[in-house]
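All remarks here apply to the structure that follows.
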Amino acid sequence: MADTTRFHAPARLSVRAMARTLAVVALTGPLGLAVAAPPASVTLPVSPAASAPAPAAPRAAKPTLGCLISPERVADVGSPVVGVVAEIPVDNGTIVQAGQALVVLRSDVEQAGLHAAQARSAIEADVHAAKANLVLAHQRHARAVELVTEGFVSSQAVEQARAERDVADQKLQQARGQQEVSQQELRVVQAQLGQRTVRSPFRGVVVERFVNAGERVEDKPLLRLAMLDPLRVEIVMPASRWGSVAVNHTLSVVPELPGAGSMAARVTHVDKIIDAASNTFRVRLSLPNPGNRLPAGARCKVDEPGLSATSLSARGSL
Numbered sequence: 028m029a030d031t032t033r034f035h036a037p038a039r040l041s042v043r044a045m046a047r048t049l050a051v052v053a054l055t056g057p058l059g060l061a062v063a064a065p066p067a068s069v070t071l072p073v074s075p076a077a078s079a080p081a082p083a084a085p086r087a088a089k090p091t092l093g094c095l096i097s098p099e100r101v102a103d104v105g106s107p108v109v110g111v112v113a114e115i116p117v118d119n120g121t122i123v124q125a126g127q128a129l130v131v132l133r134s135d136v137e138q139a140g141l142h143a144a145q146a147r148s149a150i151e152a153d154v155h156a157a158k159a160n161l162v163l164a165h166q167r168h169a170r171a172v173e174l175v176t177e178g179f180v181s182s183q184a185v186e187q188a189r190a191e192r193d194v195a196d197q198k199l200q201q202a203r204g205q206q207e208v209s210q211q212e213l214r215v216v217q218a219q220l221g222q223r224t225v226r227s228p229f230r231g232v233v234v235e236r237f238v239n240a241g242e243r244v245e246d247k248p249l250l251r252l253a254m255l256d257p258l259r260v261e262i263v264m265p266a267s268r269w270g271s272v273a274v275n276h277t278l279s280v281v282p283e284l285p286g287a288g289s290m291a292a293r294v295t296h297v298d299k300i301i302d303a304a305s306n307t308f309r310v311r312l313s314l315p316n317p318g319n320r321l322p323a324g325a326r327c328k329v330d331e332p333g334l335s336a337t338s339l340s341a342r343g344s345l
C-alpha cells in the first residue's frame, strides 16, 4: 500500500503558502505599497482639556488710582514761654481732646502773682470811702444852699460846697477806675499762668513726645499731635481726568489693609493748577474715621471717576 502521508504533504505546504500570499496581496495597495490595516476596534484617548468646557473670558478690571491716607492735621505743639517741665500727663498713643492739658511748666512765681492780684482786686475800701465822702459833700452843698436862702451864709460858701461835692464825685470815679485796673491786672496774671500749661489745639492722638519732666523748654516743640478723624486722602490724577471730579463729590476708597472694605470719602479740594512737569493735579478727600479704626500712612485705591475699563485699555494702546 502506498504511503499517503508523503503524497499529501506537498499539497498542505502549497495551501499554507497560498494563504500567506493572499494575505500579503490584501495588505498591498494598488501600487504595490503596504498599507497597515486598522484594528478591529480602536479607542482614541480623550484629553481632559478637550472634554472640559471652555473657561469664561476674564472680566475687565475696574480702573483705579493709587492714593495715600494721611492725618487730617499734624501739629508740633510748643510752649509760648520759657520754662521747666513740671508734668506731662500724656504719652505716645494717648487720645486727647481739644483743650486738654498736655504739658505743665513750673509756675511758682506766677501762682504768687495771681494771689497778689486777687487780693488787690478784692479790695473795695477805697470805693466805699469815696462813696461816703461824696454823700457828705452832697449834704454840705444842700445845707449851704438853704443857709444862703435864709441869709446866714454868703454865696461864696455855696460855691465852695459845690466844688467839694464835685471833687468827691471825681474821687469816687477814681476809686472805681482803680478797682477796674486791679481786675485787669488779675486777668493778665491769670493769662500768664495759663501759658504755663500747654493744651491740645484739637482732638487727636499723641504721635511723639519730645521732652520729659525737668527739661528746660524754649523754642523747640514739646509734642506732635495728629488728627485721625477724619482722615485725609491725597490722590494724584492725570490731566486727562480734569473736570471729572469736583468738590463735594463722593468717591469709593479701598485701604490696602487686611480686611478693609470700600469706604465713601468726600472731595474737599481740587487743585486749580495742573503741574506741567508731571501733567497731573491733586485731589483731596475727607474720609470719616470714627473710633480711629484706620491708621494714617496706609496706601489705598480709589475708583477713577469718569473712566471705564474699555476707554482705559484704549488709551493705554495709543
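If you use this note's numbering, the sequence shown closes out at 345, no skipped numbers anywhere.
Think of the CB as a built atom: it goes at the ideal place given N, C-alpha and C, for glycine as much as any other residue.
Going by CA-CA distance only, name the one from the options that's closest to residue i.
i: lysine 328; options: Ser279, Thr295, Pro285, Leu129; result: Ser279
i: proline 282; options: Ala143, Val136, Gly221, Arg326; result: Arg326
i: valine 272; options: Asp330, Ser289, Ala287, Thr224; result: Asp330
i: glutamate 245; options: Asp302, Leu95, Leu132; result: Leu132
i: serine 267; options: Ile301, Asp256, Glu173; result: Ile301
i: aspartate 256; options: Val180, Asn319, Gly324, Val136; result: Asn319
i: glutamine 322; options: Asp298, Gly288, Leu284, Ala303; result: Per the sequence presented here, residue 322 reads as proline, with glutamine not at that position. Here the closest residue by C-alpha is Leu284.
i: valine 216; options: Cys94, Gln138, Leu92, Ser97; result: Gln138
i: proline 265; options: Ala287, Lys198, Asp298, His276; result: Asp298
Which residues mark the beginning and the end of the beta strand (DSSP E) in which residue i is found?
i: alanine 266; result: No beta strand (DSSP E) holds alanine 266; DSSP gives it neither H nor E.
i: leucine 374; result: Residue 374 lies beyond the residue range present for the chain, which begins at 28 and ends at 345; the question has no answer from this structure.
i: aspartate 330; result: 326-330
i: arginine 226; result: 224-226
i: phenylalanine 308; result: 307-314
i: arginine 236; result: 231-236
i: serine 289; result: Looking at the DSSP string, serine 289 is not in any beta strand (DSSP E), and its letter there is neither H nor E.
i: glycine 110; result: 110-114
i: threonine 277; result: 277-282
i: valine 130; result: 128-132
Which residues mark the beginning and the end of the alpha helix (DSSP H) in which residue i is found?
i: leucine 92; result: Element bounds for leucine 92: not the alpha helix (DSSP H) but the beta strand (DSSP E), 91-104.
i: valine 175; result: 152-177
i: arginine 147; result: 135-149
Contact check, residue i vs residue j under 8 Å by CB: the rounded distance?
i: serine 209; j: alanine 125; result: Serine 209 to alanine 125, Cβ: 32 Å. No contact.
i: valine 108; j: glutamine 222; result: 5 Å
i: alanine 169; j: valine 185; result: In fact, because the Cβ distance is near 10 Å, the residues do not count as touching under 8 Å.
i: valine 130; j: valine 225; result: 4 Å
i: phenylalanine 229; j: arginine 100; result: 6 Å
i: proline 98; j: methionine 290; result: The pair is not a contact, with the Cβ atoms about 16 Å apart (cut-off 8 Å).
Enumerate in chain order the residues of its own chain whose CB-to-CB distance from residue i is below 7 Å, with the five nearest sequence positions on each side excluded.
i: valine 233; result: Val117, Asp118, Asn119, Gly120, Thr121, Val123, Leu250, Leu252
i: serine 134; result: Leu220, Arg223
i: alanine 128; result: Pro116, Thr224, Arg226
Which same chain residues end up closer than 6 Å to residue i when comparing Cβ atoms and leaving out the 5 residues on each side of it in sequence?
i: alanine 188; result: Arg167, His168, Ala171
i: valine 73; result: Note that valine 73 scores 48 on pLDDT, short of 50, meaning its location in the model is unreliable and no value can be drawn from it.
i: arginine 192; result: Ala164, His165, His168
i: leucine 339; result: For leucine 339, the predicted model reports a pLDDT of 34, less than 50, meaning its position is unreliable and no value from the coordinates is stated.
With a CB to CB cut of under 8 Å and the five nearest residues on each side skipped, what residues in its chain are close to residue i?
i: alanine 240; result: Val112, Ala113, Glu114, Ile115
i: proline 248; result: Asp103, Val104, Gly105, Phe237
i: serine 305; result: Val263
i: leucine 213; result: Leu141, Ala144, Gln145, Arg147, Ser148
Hey, is residue i's beta-carbon within less than 8 Å of any beta-carbon in chain D?
i: glycine 288; result: The chain inventory of the structure shown lacks chain D, comprising one protein chain alone.
Between residue i and the ligand HEM, is there a pair consisting of the residue's CB and a ligand heavy atom that are separated by less than 7 Å?
i: methionine 264; result: Annotation note on the ligand HEM: not contained in the displayed structure, which lists no ligands.
Given 8 Å, three or more beta-carbon pairs between the segment 259-279 and the segment 102-122: no
Sufficient close CB pairs (3 or more, under 8 Å) joining the segment 196-211 to the segment 141-156: yes
Segment contact, 8 Å Cβ cut-off, at least three pairs: the segment 307-314 with the segment 282-297: yes
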